[in-house]
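The next block holds one structure in the form of structure tokens; read it before the comments.
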Amino acid sequence: MKSHYKIALVGNPNAGKSSLFNQLTGLSQKVGNFPGVTVDKKTGTCHLNDVHTAEIIDLPGTYSLFPKSPDEQVVTDILLNPKDEWYPDMIVVVADASNLKRNLLLFSEVKDLGIPVLLALNMMDVVKKSGFHIDLSSLQNSLRVAVITTNARSGEGIKELKQQIITTLSEKKPQLSSEIFVDTIQFPEGLTQNIRSKFALPNDYTAVQYAHQAQDAHFLDDQSQQFLEEQRQRYGFQSRQWQTEETLARYAKIRRIVSDAVHKPSASKQNPLTTQLDNILLHRVWGFVIFFAILFLIFQAIFAWAQYPMDFIDAEIAQFTGWLHSVLPQSMLTDLLTDGLIAGVGGVLIFIPYIAILFAFINILEETGYMARVVFITDRIMRTFGLNGKSVVPLISSVACAVPAIMATRNIDNWKERLITIMVTPLMSCSARIPIYTILVALVVPEQKVFGIFNLQGIILMALYLLGFVAALVSAWIMKFFLQRKDRSFLIMELPDYKTPRWGNVGLTILEKVKTFVFEAGKVIVAIATVLWVLASYGPGNQMAEAEQAVRSQAKESTELEDHVAAAKLEASYAGHFGKFIEPAIRPLGYDWKIGIALISSFAAREVFVGTLSTIYSVGSESEDMTTIQDRLRSEVNPQTNGPMYTPAVASSLLLFYAFAMMCMSTLATVYRETKGWKWPIIQLVYMTGIAYLSAFIVYTILK
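Residues in the sequence shown are numbered from 589 upward in steps of one, following the numbering used here.
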């Protein structure tokens, strides 16, 4: 018996598979992509005991081995291909014990593959609360596998699961030459024999699956696909017909097994809390009222709770910058460190409280089961605008980040519906826009209460998010005519029971998301801040020195002299020349060349906008070492009007521009990967930039 294994976790969506994966692996996890596809691959190391370890593979959720999406196809490709690098030594099928009948379909198919398997009945706490009782002995005898009960939320049963994994692996691997879960199904004998012989397969059911997957399995080359197609035609194998008959036969046997093993509660114990809450939260009127009220409270909390920690971080960064200036020798490297790197990174770190609060609320809504209700009640509206019901999930997810949200569209079967969802998802305001929104809203919107309790800045922030949502719906409605989508699809999903959030998981999720936000943005910011500092600190020829000399010769010594010198040198730098080059194109929006530099740099990532402004306005300005970015923006003067640069008209124009603009190279790269070409990313960039420019121009023209 070897000491290290590969164990695959397989299960239906919402069965608790990911929670069980977290319990088994802890923090020793890695996330990547399966080779050749954009499906997430989560792996982690589990110490089964002092001797044996296992590489746990968290496969995407699937309802059966007959895939209907790229995620489900990954599961089938791995489990059918013994040569795959992730082919498991053993499979743990994670089943929702409160919905055993549906979950056992996948288990029965996996068991017939001949790979060592055990069944983990998760969510047993839900079963007990509902009054049901599962006879484990009866279930084990009927299924002929070990059954372990777990509660992945609390960690109950994990120790027993690890022990049973070792026990199952030490047993002789089952040989299923002709036996399948349903003995009434008889597949063409010659078909299974020929396929088994050709591919050296362990049993008949795997051979049958090869016949089903002849044209879809990614690991089959052209010659293999041709051979399978010839065998299908020779024996008259109709995949859809066989799949239907097999599924019906499996469910017939599963119903008998469940009937013997699961004992229903008395009528007095029925009427769970879930039903009572759903009567309110799924109501056609009150459901939407409650949903928007929750959104309103979230954005109120972002401003009310995050202000104090944000001020603390801002002050500490400014103090640290001032301290470095005092202890380090005056040099180019010191200026690069303090005015370039720290100023840029600090412009992102300051928004950690906002990001943390947003992700905390999103995760709590998912943990409690409420997010699934939001998907359900908004389904009809989504279909009215030409979107698939499943489009709600990417749209809501994009509030956090558009990249994983676009990848989540793989669950949409219809290509045109999926494409429309991909094209409009970036219009939803993601977390990267929060730094821009909060800094600009705080500049022009007074910090006052509405009706004595509501924060006006929070109301404006929520309005910006709703604006993105409306823009996404309108764009989708227009696109459905251009793409001529005539077919119609339906949302089919299971509503999970309401649960108390697992606060430990909520905390870990917040930590993970904030860390990702900071470090991923930090990589971009370090590079851009360095380039910006160089461009802002040097210029062609002697123009910067001449600009400084001209200012000093015309102005008397004053506390503001150095600021005027810094502004003149920045204007004469390479960055200033580039900003002046694009200024005519952005002047109708109220922007100057400094804002132009920030606009261009933020195409790498939206959140770089604030860091760029921080870098630009701190270059060469000794007096601003201890001031905040908000103070720097407030003190900026428009040379044409001698008034404030960031007026309500300019700030509102910027807010609308960033609400609609495609200012994220990572998102464009993801769209390219999902659509397999540059056509749609380019169209997306052009149409979103056009909307952003036009809306910013209109609001600036009206408000100026």
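The C-beta atom is built at its ideal place from N, Cα and C for all residues, glycine as well. Owing to the predicted nature of the structure, the values given are computational and were not obtained by experimental measurement.
Residues sharing a beta bridge with residue i, DSSP
i       : result
Glu744  : Asn739
Ala642  : Tyr593 and Cys634
Asn1043 : Lys1037
His851  : His721
Pro1232 : Val1225
Val598  : Val681
Closest by C-alpha distance to residue i, when choosing among the options
i       : options                               : result
Asn687  : Ala837, Lys716, Gly702 and Thr1009    : Lys716
Val733  : Asn610, Phe807 and Phe695             : Phe695
His640  : Leu724, Asn729 and Thr755             : Thr755
Thr1229 : Gly1278, Thr1255, Lys1168 and Lys1292 : Lys1292
Gly1164 : Ile1185, Val1153 and Pro1176          : Ile1185
Ala603  : Ser1240, Pro648 and Thr633            : Pro648
Pro790  : Lys671, Lys656 and Ile868             : Lys671
Gly632  : Ala1173, Tyr593, Asn1130 and Arg1220  : Tyr593
Ala1135 : Ala1156, Phe1069, Ser1125 and Gln819  : Ala1156
Ser1190 : Gln1045, Arg872, Ala805 and Leu1242   : Leu1242
Lys630  : Ser758, Asp659 and Tyr651             : Asp659
Tyr839  : Ile868, Phe769, His851 and Met920     : Phe769
Thr1088 : Ala1154, Thr738, Thr956 and Ala960    : Thr956
Lys689  : Glu1171, Tyr651, Ile1047 and Ile868   : Tyr651
Asp713  : Leu757, Ala1064 and Arg741            : Arg741
Met970  : Trp1065, Gln918 and Phe900            : Trp1065
Leu1071 : Lys1103, Val1102 and Leu1007          : Leu1007
For residue i, three-class secondary structure by DSSP
i       : result
Leu865  : helix
Leu706  : strand
Gly1178 : coil
Ile679  : strand
Ile938  : coil
His800  : helix
Leu1291 : helix
Asp967  : helix
Pro655  : coil
Ala1135 : helix
Gln751  : helix
Phe926  : Checking the displayed sequence, the identity of residue 926 turns out to be Thr instead of Phe. DSSP places Thr926 in helix when its eight states are reduced to three.
Lys671  : coil
His871  : coil
Gln907  : helix
Ser1211 : Reliability fails at Ser1211, whose pLDDT of 39 lies under 50, so the model's placement of it is uncertain and no value is given.
His913  : helix
Leu1282 : helix
Glu759  : coil
Ala603  : coil
Pro776  : coil
Arg820  : helix
Gly649  : coil
Cβ-heavy atom distance, residue i to the ligand FMN, below 7 Å
i       : result
Ile1066 : Ligands are entirely absent from the displayed structure, and the ligand FMN is therefore not among its contents.
Close Cβ partners of residue i (< 7 Å) along its chain, the five nearest in sequence each way excluded
i       : result
Ile1024 : Arg1194, Phe1197, Val1198 and Tyr1246
Thr780  : Asp792, Ala795 and Val796
Tyr1260 : Trp1266 and Pro1269
Thr926  : Thr909, Leu912 and His913
Trp893  : Ile945
Leu701  : Leu667, Tyr793 and Thr794
Glu1171 : Asp1180, Trp1181 and Gly1184
Phe1248 : Leu1015, Ala1059, Met1276, Ile1279, Ala1280 and Ser1283
Beta-carbon proximity list for residue i, same chain, < 6 Å, skipping 5 on both sides
i       : result
Glu748  : Ile736
Glu817  : Ala802
Asp848  : Ser726
Leu1083 : Ala960
His806  : Asp665
8 Å CB neighbourhood of residue i in its chain, flanking five on each side removed
i       : result
Thr922  : Leu912, His913 and Leu916
Phe815  : Lys786
Ile1027 : Val1198, Ile1217, Gln1218 and Leu1221
Leu544  : No information on residue 544 is available, as it lies outside the stretch 589 to 1292 that the chain covers here.
**Message:** Check whether the region 790-808 and the region 660-670 touch, using three or more Cβ-Cβ pairs below 8 Å as the test.
**Reply:** Yes, they touch.
**Inter-stretch contact (C-beta, 8 Å, three-pair minimum) for the region 833-850 and the region 1044-1052** = By the Cβ test, the region 833-850 is not in contact with the region 1044-1052, since fewer than three Cβ pairs between them sit closer than 8 Å.
**Message:** With a threshold of 8 Å, are at least 3 pairs of Cβ atoms found where one atom belongs to the region 947-955 and the other to the region 1091-1107?
**Reply:** Taking 8 Å as the limit for Cβ pairs, the verdict is that the region 1091-1107 does touch the region 947-955.
**Request:** Pair every Cβ in the region 595-610 with every Cβ in the region 677-686, then say whether three or more of these pairs are closer than 8 Å.
**Result:** In short, these stretches touch, since the Cβ pair count reaches three.
**Prompt:** With contact counted as at least three CB pairs below 8 Å, one residue from each stretch, are the region 954-966 and the region 864-880 in contact?
**Reply:** The answer is yes - the region 864-880 touches the region 954-966, with three or more Cβ pairs under 8 Å.
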